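Trainee:
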Amino acid sequence: MKTINIIATPNCVISSLTGIVDFMEFCNIFWRYLHPDCEDKLFHCQIYTTQGSEIKSDTGISIKARNISEYEPGDAVFLVSIFAHNRTHMEAYLNSCDCISAVIKQEHQQGKVIASYCTGTFGLARTGVLDGAPATTVWWMKNLFTEHFPEVKLKMDELVVEHQNLITGGATTSYFSVCMAMLEKMTNDIFATQMSKLLLLDKQRLSQQPFIDTAFIINKHDAVVERVQAWMMSHYAEPFSLDAICEQFAVSKRTLIRRFKNACGETPLNYLQKIRIEKAKHYLESTNLPVEQIVLKVGYEDVASFRKLFTSHTQLSPKNYRERFSYNMPRAV
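Numbering-wise (the UniProt record's numbering), the sequence shown opens with residue 1 and increments by one.
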């Protein structure tokens with residue numbers, strides 16, 4: 001029997017905590033079905049909390065747990081995500097993670113499987129185990145993540161990133177995919193494939209790129225950059241001229257590019273391209289307009305170039321994106 005140590009901090013997402021436990025119990029049930037003579041479970045989940053001996057959610061749900069001071073080494077560590085909607089929430093969370101650093105570092109050095117997802121990846125990075133390693137995180141906080149942990153090699157085009165004994169996942173419900181990756185490491189491909197079928201989980205773990213919405217990404221505060229971004233939101237379909245923008249906002253090209261890169265990690269042109277892609281996604285979701293018309297509406301003329309750009313940003317063609325996310329197309333009855 002292998003022990004999965006689940007670490008939960010205050011304000012953790014209770015549904016994902018219980019979801020991880022339930023996932024492992026599903027594995028136990030199926031394991032006993034395949035091995036009726038085996039008395040041991042496949043997995044045992046031990047929940048630890050960083051405060052007291054109980055995890056309490058803001059919704060009134062309580063779960064008994066052991067305090068992190070009583071930690072006993074296991075076979076894997078799973079750090080649960082938290083509710084964090086802005087920079088202030090995340091700063092408070094990071095300050096609360098110091099008490100778990102020693103535990104996670106020790107388990108990492110022993111070669112144990114270490115996993116987290118969504119906002120929990122910030123806590124994992126805080127311990128230092130992700131330094132120099134590829135990882136992914138919650139997409140709307142990717143710039144904040146890079147700001148705090150520039151040593152981590154973010155791969156935002158992937159839903160799950162595995163590196164040696166480390167597993168990181170993208171936003172919110174990616175913990176299901178992280179569980180699958182952990183299962184593959186700790187059992188075998190045949191059993192993991194069977195579980196993926198039973199739980200309707202895709203082992204391919206496709207990209208989180210199609211779900212990213214530029215409007216919700218948290219950036220560094222910069223008054224000039226924010227004014228330019230607001231202007232771009234209203235004038236995205238107009239021809240792009242960096243010279244004209246700089247003249248309008250009384251800033252040099254070099255300064256504006258530098259401030260954009262510092263605030264949101266990209267150039268003004270790249271940011272405008274993302275706005276145009278988001279507007280195109282909206283048209284694909286909510287209208288039946290031909291792609292050729294959408295291209296013109298968002299400021300492009302060359303349809304082929306737009307398709308290539310759209311696919312590079314979303315990992316889906318415009319047609320496939322519409323099929324997947326449209327809420328305007330008639331549904332079969």
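All residues carry an ideal CB built from backbone N, CA and C; glycine is no exception.
Here the structure is a predicted model, which is why all the values come from computation and not from measurement.
Since Cys-12 contacts Ile-55 with CB under 8 Å, what's their CB separation in whole angstroms?
Mentor: That belief holds up - the Cβ atoms of Cys-12 and Ile-55 are roughly 7 Å apart, short of 8 Å.
Trainee: May I ask you to verify whether the region 137-150 touches the region 114-125, counting CB pairs closer than 8 Å and requiring at least 3?
Mentor: Touching, yes.
Trainee: Name the DSSP beta bridge partners of Gly-169, please?
Mentor: The partner list for Gly-169 (beta bridge, DSSP) reads Tyr-117, Val-160.
Trainee: Comparing alpha-carbon positions, which option in Glu-91, Ala-84, Val-77 lies nearest Gln-109?
Mentor: Nearest of Glu-91, Ala-84, Val-77 to Gln-109, Cα basis: Val-77.
Trainee: Looking at Ser-177: is its Cβ nearer than 8 Å to the Cβ of Leu-159?
Mentor: Yes, the Cβ-Cβ distance between Ser-177 and Leu-159 is below 8 Å.
Trainee: Beta-carbon within less than 7 Å of Glu-266's beta-carbon, same chain only, minus the 5 sequence neighbours each way: which residues are those?
Mentor: Phe-260, listed in sequence order.
Trainee: Unbroken alpha helix (DSSP H) runs of length 4 or more, entirely within the region 28-107: which are they?
Mentor: Here the runs fully enclosed are 87-95.
Trainee: DSSP state of Arg-331, grouped into three classes?
Mentor: At Arg-331 the pLDDT is 48, less than 50, meaning the model places this residue with poor confidence; the figure from the coordinates comes in the next sentence. Arg-331: coil per DSSP, three-state reduction.
Trainee: Express the C-alpha separation of Ile-7 and Arg-66 in angstroms, rounding to a whole number.
Mentor: About 10 Å.
Trainee: Check whether the region 21-32 and the region 80-95 touch, using three or more Cβ-Cβ pairs below 8 Å as the test.
Mentor: These segments do not touch.
Trainee: Determine the closest residue to Ile-190 out of Ile-4, Ile-14, Leu-34, with distance taken between C-alpha atoms.
Mentor: Checked all of Ile-4, Ile-14, Leu-34; the closest Cα to Ile-190 is Leu-34.
Trainee: Go ahead and pull the three-state DSSP assignment for Pro-10.
Mentor: Looking at Pro-10 - three-state DSSP - the assignment turns out to be coil, as it is neither helix nor strand.
Trainee: Figure out for me which residue from Glu-107, Glu-151, Val-225 has the closest Cα to the Cα of Thr-255.
Mentor: Nearest C-alpha to Thr-255: Val-225.
Trainee: Got a sec, what are the start and stop residues for the alpha helix (DSSP H) Ile-257 sits in?
Mentor: Ile-257 -> alpha helix (DSSP H) spans 253-264.
Trainee: Would you tell me roughly how many angstroms separate the C-alpha atoms of Asn-262 and Lys-220, rounded to the nearest one?
Mentor: Distance between the alpha carbons of Asn-262 and Lys-220 is about 8 Å.
Trainee: For Arg-276, count neighbouring Cβ atoms within 10 angstroms of its own Cβ and tell me buried if that reaches 16, exposed if not.
Mentor: Counting Cβ neighbours within 10 Å, Arg-276 comes out buried, since at least 16 surround it.
Trainee: Is the beta carbon of Leu-272 closer than 8 Å to that of Met-232?
Mentor: Yes, Cβ-Cβ distance for Met-232 and Leu-272 is below 8 Å.
Trainee: Quick one: what's got a C-beta closer than 7 Å to Gln-51's C-beta in the same chain, skipping five residues either side?
Mentor: Counting only Cβ-Cβ distances below 7 Å, and skipping sequence neighbours, we find Pro-10.
Trainee: DSSP has Ala-135 in a bridge; who is on the other side?
Mentor: BP columns for Ala-135 point to Leu-154.
Trainee: Exposed or buried, Phe-296, counting other C-beta atoms within 10 Å across all chains shown (16 or more means buried)?
Mentor: Here residue 296 is Leu; the residue named in the question, Phe, does not match the sequence. Result: exposed.
Trainee: Can the beta-carbon of Met-141 be found less than 8 Å from the beta-carbon of Thr-172?
Mentor: No; because the gap between Cβ atoms is not below 8 Å, this pair is not in contact.
Trainee: DSSP three-state call for Ile-212: helix, strand or coil?
Mentor: Of the three classes helix, strand and coil, the one that applies to Ile-212 here is coil, per DSSP.
Trainee: Between which two residues does the alpha helix (DSSP H) holding residue 396 run?
Mentor: Since the first residue of the chain shown is 1 and the last is 333, residue 396 is not available in this structure.
Trainee: Could you give the distance in angstroms between the alpha-carbon of Tyr-236 and the alpha-carbon of Ala-133?
Mentor: Answer to the nearest angstrom: the Cα atoms are 36 Å apart.
Trainee: Which first and last residues belong to the alpha helix (DSSP H) in which Trp-231 is found?
Mentor: Unbroken alpha helix (DSSP H) run through Trp-231: 223-235.
Trainee: Under the rule that 16 or more other beta-carbon atoms within 10 Å means buried, what is Thr-121, buried or exposed?
Mentor: Classification for Thr-121: buried.
Trainee: Which of the three DSSP states is assigned to Ile-4 in this structure?
Mentor: In this structure, Ile-4 counts as strand in the three-state DSSP scheme.
Trainee: Write down the C-beta distance between Ile-14 and Ser-57 rounded to the nearest angstrom, noting that I regard them as a contact closer than 8 Å.
Mentor: About 4 Å separates the two Cβ atoms, so the contact holds.
Trainee: Return yes when the Cβ of Leu-242 is within less than 8 Å of the Cβ of Pro-268, no when it is not.
Mentor: Yes, these two residues count as a Cβ contact at 8 Å.
Trainee: Taking the alpha carbon of Asp-40 as the point to measure from, which residue in Thr-49, Lys-2, Gln-46, Lys-253 has its own alpha carbon closest?
Mentor: Closest by alpha carbon: Lys-2.
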